[in-house]
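Asks: Chains as they are written, first to last, in this note's numbering: chain A, 1 to 219; chain B, 220 to 438; chain C, 439 to 657; chain D, 658 to 876; chain E, 877 to 1095; chain F, 1096 to 1314.
Sharing a structure with you now.
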């Protein structure tokens, strides 16, 4: 019998981020369809903002995946740096989705070129390497940071304004036809920023969950 | 209230192809989830094998989409040449998915580089233009035709053998890590060819339906 | 005996555009050389400004080409969206030139990177796909719309000013070394805008006619 | 009054090559049209087969262009390494065409991807740099050498056979849809190799002359 | 005063590999120049052959770099998967070189396109991502595995033969003009394989040490 | 016995430039290591600022290399247009480094994307061709000219200010993570501009000398 549960791992330890992801995935929960369980990686830092933090969560993420793989239909690593994605794919036969990769490929179906809104300046070179590694540089419009760390995303003090302002620059100055929210912690702003920008805005965890639903149903 | 029905348009007039698509989408039908209605474009030719045939179905596809757009949540154009995709996107505000685009972006999550199995030699330059237009040339391994037209795909006389043989060449000689079935009419061979090739095989209509389910649930 | 006549098809129904093309091709009419007959596609809309209009003219263009192919040496499809180009090439053995493709390849011989001046914003994603499909993204500087529809190009009210202003931005801000007029209806402004911009300006129909002359003489 | 003469410079000193070019350009000579004068660079070596020979002819080519520029409408540098092309363009205001550049851009209008037939193995890295410098790597299928030096091309002993054999490998193994003769000295074999290969074969000097005719008529 | 010592970290625990690296660097030890200290990461596995092993050594590598950074002039991470390279660069202000990155950029100065010889099939997708992430796909000829794990590289039983055979295929079938040894453990075979292949063969640790010497002298 | 001397050829005749290069290389002179001899090409123009000047120095550079090749371990052509680089590599078996190529590949190890600071506007298209020919367009951020010719670089009147201003625009507006000084005559400003810009600044001759030291030690 098919396993229809999907495990969404938030690799940072901020429960508010996990809760935001959980709410964002609500529309993808269909009676009789795959379940979407969102959990917090307790070993993770409050926010994943540096390459060191990205690399540090790989081992616990993969340990968790290994432990749960017999009972889970597909995994989602819900951090926009896709930590451990390729390692996890080598070690489990279950489908594993990274939210950055999922967001980028989904964005290709929604607009001419995609822009990324990052939390901090330091994320930008990391994203640039990921775009090139994915072979998607010809469709990449640009990347703008809002200067707000992961744990401050929930505060709402001006977060939406900065997201919209960054989105506008990506649209108007860089020619982006679709914008990706470059952090799982931005999920709760998707609809509002899309309404303001009037071009599609992609929440990366929603993108990954969509692909994961297909994967578990089609295996 | 959200419209949760997805209309899958087979632009060729071969009912057997529509039936094959319909069966292939069965696993993606979830109780309480979006419906997936598959219809045959009566104006279409028996198979779409030339650029002329691709271009000829654009008008009836788009007329159909326009007529049905108020009551449909998302559209899928189920021909691997994605006829009318960009036109349809300009004329309806509902999400429209092309199966070639959907298959390529899905393949990016499943393997290093993707190969395409085509029906006829004449499809190969058309696919090459589509790969470049999508900005995906760096992830493209190659394209091999099996020399069987659309209406003969159902016959099963040697079709599987040729698909597997083409897939093996894509895997072994061209370094493909994932293979796309380059015709909606090949849907019934997906599982068997995947089992034989031991790398992921993507049915493009399944890929599009997966993305469409996410799109209608998230709007 | 060689057929030395070239048929230039203006797929929009605006006779003023056909007349402008006709005048622009005058310098390429050489006594004893190929003739250049310019005709208006009566089935076309007044201007081709959407993907729907692009797709709609494909069938009548190709019907016309088929009808005339025995007596014509080469065909030019004089719309910057190259409607039906690849279909026409599959259905006639006579050379067929698209003016966008011809302009881009000619521009490669005239400057480091090429910019495009479009009529309307909506043309820009279509052009971007065409640039990538042609594999020319590394030589593409940018695309700026002047916000004037096809039928208003003849009016001359500020058209030249806007063309020159767009050209200057392409040259100064985007690093274009050569500019392409992204509509057959802009032909009459080529010389004046080139004089103002002081970098080469390519009229796409002239570019196509040049290639067509070579093609019919060399067959 | 417009200057309608085009000067075609063969930078090697082999008169037989110049004579072959001259014959190949005959169809492009139109009564009342631009003249095409073919001359031999007396300072050139018998064949240009090394980077050293390429570089050595730049100075005399450019001296010749400077001397003749007042009375000539456009120049063609008829060596497939395009020696001095960018220098000449900086020093004269008259259009200058390189035959490699002209052949590549023309080939883009004739087939999906282009292959090159070279004289010697040593030419291949030089051509690869030129393809990349032109930004055309996505349309490049491959390059195969026939192992015959410039001065032996006239001999005809097996030259056609080797050209056709190289062309077949480019077509069948590398997916070339059009083949470029990668040496001005191969001009006399164009038609015969095209007939044998059944895909377009481009003589680079004919391609340059076509563009030059347009350039002088349109200035 | 300038710190002129370079720390070369072999992230696998096989002392024979460290010893081979040490010998390979001997020519780069110049009296009065930077010292090159080679150490074995005791936490490492015997060989780094999977993404899991790559990821697992990142933390101990970076801990070591942090501990030694005050007294060391530059670091080299001597594993062809460049584990922790970008993290280390974020956390220390001292220059850090990855041997894969160093080898690729050095190879660009030695030949038209570079091939890679890998230990195992599983390394190839990892290398492909690294080539694309570095933006070097246009200069990449191919990657061939010899099917020998890290700890068996010292054995010499047929290793050289397989390296030369893979190198020949890269040269003859893939057009490589230079070959990179895709594992630090292959260092002792560089000279012999270069002599056999007659094109440059790059030992990646030597390439990194060369760049590191420049970096410490120029700071 | 290994030849450990490196000959650095300044192809312009301005002794002040040679002297500046000589001083810039001082840190790379290691007791017991390769010597770095800097000489002025007496046949060169005062500054190499046009394609004509680039091409004109190729012959004397290569004559010099040929004359000195028996007694020299490696050559550096110290002009940012890399004149004669590929010719020299064909004619001598000794390693030859161009400073532009060396600077670009070194920059790849120092930052996400590289910017170039040029002397004059006219250099920019030449550099763009070189970036593409090297296959490095995906890592290229932009090129800005300071409008000062070679012989005025020594004057120091505002040169540093203009370099820093151009570097800031490359960093802030174009996203450069590392900047290359696009002229050998800018060597004396490297440290000061790096201090002002707070991102790595590459002197191309230092980059070439680093690679050359490795090359002569490893042969």
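Where a beta carbon is used, it is the ideal one built from N, C-alpha and C, also for glycine.
1) Show which residues of chain A have a CB atom less than 8 Å away from the CB atom of residue 570/C.
2) Mind pulling the chain D residues with CB within less than 9 Å of residue 395/B?
3) Roughly how many angstroms separate the alpha carbons of residue 306/B and residue 281/B, rounded to a whole number?
4) Quick one: is residue 32/A buried, meaning 16 or more other Cβ sit within 10 Å of its Cβ, or exposed?
5) Residues in its own chain within less than 8 Å of residue 382/B by CB, not counting five upstream and five downstream?
6) I'd like to know whether the C-beta atoms of residue 141/A and residue 176/A end up nearer to each other than 8 Å.
7) According to DSSP, is residue 1187/F part of a helix, a strand, or is it coil?
8) Tell me where the alpha helix (DSSP H) around residue 335/B begins and ends.
9) List, in chain order, every chain D residue whose beta-carbon is nearer than 9 Å to that of residue 619/C.
10) Can you check the region 352-435 of chain B for any beta strand (DSSP E) of at least 3 residues that lies completely inside it and give the ranges in chain order?
11) Would you mind telling me which residues of chain D sit closer than 9 Å to residue 1145/F, beta carbon to beta carbon, in chain order?
12) In this structure, what does DSSP give as the bridge partners for residue 1104/F?
13) Quick one: is residue 1240/F near chain C, going by C-beta distance under 8 Å?
14) Helix, strand or coil: which one does DSSP assign to residue 317/B?
15) Quick check on the burial criterion: 16 or more other C-beta atoms within 10 angstroms. Buried or exposed for residue 1218/F?
16) Out of 161/A, 101/A and 109/A, which has the shortest C-alpha to C-alpha gap to residue 134/A?
17) Compute the beta-carbon to beta-carbon distance between residue 6/A and residue 209/A, rounded to the nearest angstrom, for a pair I have assumed lies under 8 Å.
18) Got a sec? Which residues, its chain only, sit under 7 Å from residue 1184/F by beta carbon, not counting five neighbours each side?
19) Mind pulling the chain B residues with CB within less than 7 Å of residue 1004/E?
20) Could you tell me whether any Cβ in chain F is nearer than 8 Å to the Cβ of residue 741/D?
21) Looking at C-alpha atoms only, which residue of 333/B, 310/B, 298/B and 311/B is the closest neighbour of residue 317/B?
22) When burial is assigned at 16 or more other CB atoms within 10 Å of the CB, is residue 830/D buried or exposed?
23) By a C-beta neighbour count over all protein chains shown, 10 Å radius and 16 as the cutoff for buried, is residue 824/D buried or exposed?
24) Can you tell me whether residue 532/C is buried or exposed, with buried defined as 16 or more other CB within 10 angstroms of its CB?
25) Using a Cβ-Cβ cutoff of less than 8 Å, which residues in the same chain neighbour residue 706/D once the five nearest sequence positions on both sides are dropped?
26) Please work out which residues of its chain come closer than 7 Å, Cβ to Cβ, to residue 1231/F, disregarding the five sequence neighbours upstream and downstream, and give them in chain order.
27) Could you tell me the alpha carbon to alpha carbon distance between residue 1105/F and residue 389/B, rounded to whole angstroms?
28) Please list, in chain order, the residues of the region 691-723 of chain D that have any C-beta partner in chain F closer than 8 Å.
29) Interface residues of chain C around residue 1220/F at Cβ under 7 Å?
30) Around the C-beta of residue 331/B, are 16 or more other C-beta atoms found within 10 angstroms, so that it is buried, or is it exposed?
31) Mapping the DSSP letters down to three states, classify residue 220/B as helix, strand or coil.
32) When you compare only the Cα positions, how much space is there between residue 864/D and residue 548/C?
33) Whose CA, out of 1089/E, 1006/E and 1071/E, lies closest to the CA of residue 906/E?
34) Decide if residue 1014/E is buried, meaning its Cβ has at least 16 other Cβ atoms within 10 Å, or exposed.
35) Would you call residue 1290/F buried or exposed, if buried means 16 or more other Cβ atoms sit within 10 Å of its Cβ?
Replies: In brief:
1) Simply 138.
2) Under the 9 Å cutoff, chain D gives no residues; its nearest Cβ is about 15 Å from residue 395/B.
3) One C-alpha to the other measures close to 8 Å.
4) Exposed: under 16 other Cβ atoms inside 10 Å.
5) Cβ within range, chain order: 336, 365, 400, 405, 408 and 412.
6) The criterion of a C-beta distance shorter than 8 Å is satisfied by residue 141/A and residue 176/A.
7) Correct three-state label for residue 1187/F: coil.
8) Careful: residue 335/B lies outside any alpha helix (DSSP H), inside the beta strand (DSSP E) at 333-337.
9) When 9 Å is used as the limit between beta carbons, residue 619/C is near no residue of chain D, the shortest such separation being about 13 Å.
10) Inside the region 352-435 of chain B, DSSP marks whole beta strand (DSSP E) runs of 3 or more residues at positions 359-364 and 397-400, from first to last along the chain.
11) Simply 744, 747 and 748.
12) When beta bridges are read from the DSSP output, residue 1104/F appears opposite 1134/F and 1172/F.
13) Taking Cβ atoms only, chain C never reaches closer than 8 Å to residue 1240/F, which makes this a no.
14) In the three-state reduction of the DSSP assignment, residue 317/B falls in the strand class, which pools E and B.
15) Result: buried.
16) Considering only alpha carbons, the answer is 101/A.
17) A Cβ-Cβ distance of about 7 Å is found for the pair residue 6/A and residue 209/A, placing them in contact under the 8 Å criterion.
18) Answer for residue 1184/F: 1191, listed in chain order.
19) The answer, in chain order, is 331.
20) Yes, its Cβ sits closer than 8 Å to a Cβ of chain F.
21) Nearest of 333/B, 310/B, 298/B and 311/B to residue 317/B, Cα basis: 298/B.
22) Classification for residue 830/D: exposed.
23) Label assigned to residue 824/D: buried.
24) Buried, since its Cβ has 16 or more Cβ neighbours within 10 Å.
25) For residue 706/D, where only same-chain residues beyond five positions count, the Cβ hits under 8 Å are 776, 777, 779, 780, 806 and 807.
26) For residue 1231/F, same chain residues with a beta-carbon under 7 Å away, outside a window of 5 residues either side, are 1199 in chain order.
27) Straight-line Cα distance between these residues: approximately 51 Å.
28) Against chain F - using a Cβ distance shorter than 8 Å - the residues of the region 691-723 of chain D are 707, 708, 709, 711, 712, 713, 715, 716 and 719.
29) Under the 7 Å cutoff, chain C gives 550 and 615.
30) By the C-beta density criterion, residue 331/B is buried, having at least 16 other C-beta atoms within 10 angstroms.
31) Its pLDDT being 47, under 50, residue 220/B is placed unreliably in this model, and the coordinates cannot settle the point.
32) So the two alpha carbons sit approximately 15 Å from each other.
33) Residue 906/E has its Cα closest to that of 1089/E, out of 1089/E, 1006/E and 1071/E.
34) Its Cβ being crowded by 16 or more others within 10 Å, residue 1014/E is buried.
35) By the neighbour-count rule (16 or more Cβ atoms within 10 Å), residue 1290/F is not buried but exposed.
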